[in-house]
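Chemist: Before we start, here is the structure in question, set down as structure tokens.
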Amino acid sequence: MSVPSDSEVLESFLRHLRVERGVSPRTLISYKTDLRAYLLWLTERQKDPLHVTHEDLTDYLWSRKSQGIQATSLARYIASLRSFYRFLLADGHLDKDPSAFLQTPRKPERLPRYLSVEEVSRLMSSIRGQRLPRVRLRAMLELMYATGLRVSELTQLTFDQLDLSVGYVRAFGKGSKERIVPVGERARLAIQGYLNRRPETPAAIKTIFVSNRKTPMSPVQFWRLVRAAAREAGIQKPVSPHTLRHSFASHLVQNGADLRAVQEMLGHASIATTQIYTHLNKSHLQEAHRKYHPRS
Numbered sequence: 400m401s402v403p404s405d406s407e408v409l410e411s412f413l414r415h416l417r418v419e420r421g422v423s424p425r426t427l428i429s430y431k432t433d434l435r436a437y438l439l440w441l442t443e444r445q446k447d448p449l450h451v452t453h454e455d456l457t458d459y460l461w462s463r464k465s466q467g468i469q470a471t472s473l474a475r476y477i478a479s480l481r482s483f484y485r486f487l488l489a490d491g492h493l494d495k496d497p498s499a500f501l502q503t504p505r506k507p508e509r510l511p512r513y514l515s516v517e518e519v520s521r522l523m524s525s526i527r528g529q530r531l532p533r534v535r536l537r538a539m540l541e542l543m544y545a546t547g548l549r550v551s552e553l554t555q556l557t558f559d560q561l562d563l564s565v566g567y568v569r570a571f572g573k574g575s576k577e578r579i580v581p582v583g584e585r586a587r588l589a590i591q592g593y594l595n596r597r598p599e600t601p602a603a604i605k606t607i608f609v610s611n612r613k614t615p616m617s618p619v620q621f622w623r624l625v626r627a628a629a630r631e632a633g634i635q636k637p638v639s640p641h642t643l644r645h646s647f648a649s650h651l652v653q654n655g656a657d658l659r660a661v662q663e664m665l666g667h668a669s670i671a672t673t674q675i676y677t678h679l680n681k682s683h684l685q686e687a688h689r690k691y692h693p694r695s
């Protein structure tokens, strides 16, 4: 039996991620980039990925750390290596997993950046006019803030995932996991306003939101539109589509929403991920105390 080349091993792993685990294209690119860099490092040292030791992996990670990368990036490299070698072990290429005892560095806890309710109102109010690009942007912003969708979920949203009469959207998150999220009245009105004006597109295009060229709106295109809208609204802090997702969750928690319900609407696999918004809630209370208490 012939020994597979580095590229064959990598392609086999990426195919496993795509077909069997259903990872998103963005996640697939991250794995591919991380592991190509690792395999190149091995090639330069004439090492075989199927015959590395724990010490080899430690040396590689130390070389990346010495380049000044952050703990979050290092944690991602370790996660990529672990997934890669677990696959190789399960696929019969290895007798033992050299990544089994890699230590993941503690990532500094960073609170998500979000908008205040007043800033969200300013952002929405700044999208004036009835020209199609403005109507489309208003609908996308209202839907994202109403549901907390990820930008990829928003731009890939199809007609059969949205029910405006009942008021819900079926989202497919990481790993193609389905969840149902309610859609409020303001968002429904904004979406209906866009649908009334949406241009005809070829039958092959199923997405609701299309660009000026009548092709599916890309996450990058939407990101640029959000950034421009935030500037137009006079919002000084950096704003991205994900800022609206954080704002959706933060405002729900601040107003007393059940954390499990927020977890379900966001599509988080673990409640621990959603608990970050309880810290935001505390910071919101601290800010209110500093601002309004006479002896704060």
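If you count by my numbering, then the sequence shown holds residues 400 to 695, one letter each, in order.
Virtual Cβ for every residue (Gly too), placed ideally from N, Cα, C.
The model shown is predicted, which means the values in this text are computed figures rather than measured ones.
For the region 523-533 and the region 648-666, state whether three or more C-beta atom pairs, one from each stretch, are separated by less than 8 Å.
Modeler: no
Chemist: Does the Cβ of Leu439 have 16 or more other Cβ atoms within 10 Å, making it buried, or fewer, making it exposed?
Modeler: exposed
Chemist: Given a cut-off of 8 Å on the beta-carbon distance, is the pair Tyr484 and Ser498 in contact?
Modeler: yes
Chemist: I'd like to know whether the C-beta atoms of Ala632 and Leu536 end up nearer to each other than 8 Å.
Modeler: Ala632 places its beta carbon 8 Å or farther from that of Leu536.
Chemist: Applying the criterion that 16 or more other CB atoms from any shown protein chain within 10 Å of the CB defines a buried residue, is Thr547 buried or exposed?
Modeler: Reading the sequence as shown, one finds Gly at residue 547 and not Thr. Classification of Gly547: buried, given that the 10 Å Cβ count is 16 or more.
Chemist: Ordered along the chain, which non-local residues of its own chain (more than five positions away) have a Cβ less than 6 Å from that of Lys613?
Modeler: Pro598 and Thr600
Chemist: Give the range of the alpha helix (DSSP H) segment to which Arg527 is assigned.
Modeler: It is not in any alpha helix (DSSP H) - Arg527 carries neither H nor E in the DSSP assignment.
Chemist: To the nearest angstrom, how far is the alpha carbon of Arg569 from that of Thr557?
Modeler: 9 Å
Chemist: On the DSSP letters alone, give me the boundaries of the alpha helix (DSSP H) that Ile670 sits inside.
Modeler: Ile670 to Thr673
Chemist: Between the C-alpha atoms of Glu454 and Thr426, what's the straight-line distance to the nearest angstrom?
Modeler: 27 Å
Chemist: In the DSSP output, which residue or residues are listed as bridge partners for Leu561?
Modeler: Val568
Chemist: Would a C-beta distance cut-off of 8 Å place Ile634 and Glu518 closer than the cut-off?
Modeler: yes
Chemist: Go ahead and label Val516 buried or exposed: buried means 16 or more other beta carbons lie within 10 angstroms of its beta carbon, across all protein chains shown.
Modeler: exposed
Chemist: If contacts are defined as beta-carbon pairs under 8 Å, then Pro640 and Val625 qualify, I think. What distance do you get, rounded to the angstrom?
Modeler: Confirmed, about 5 Å.
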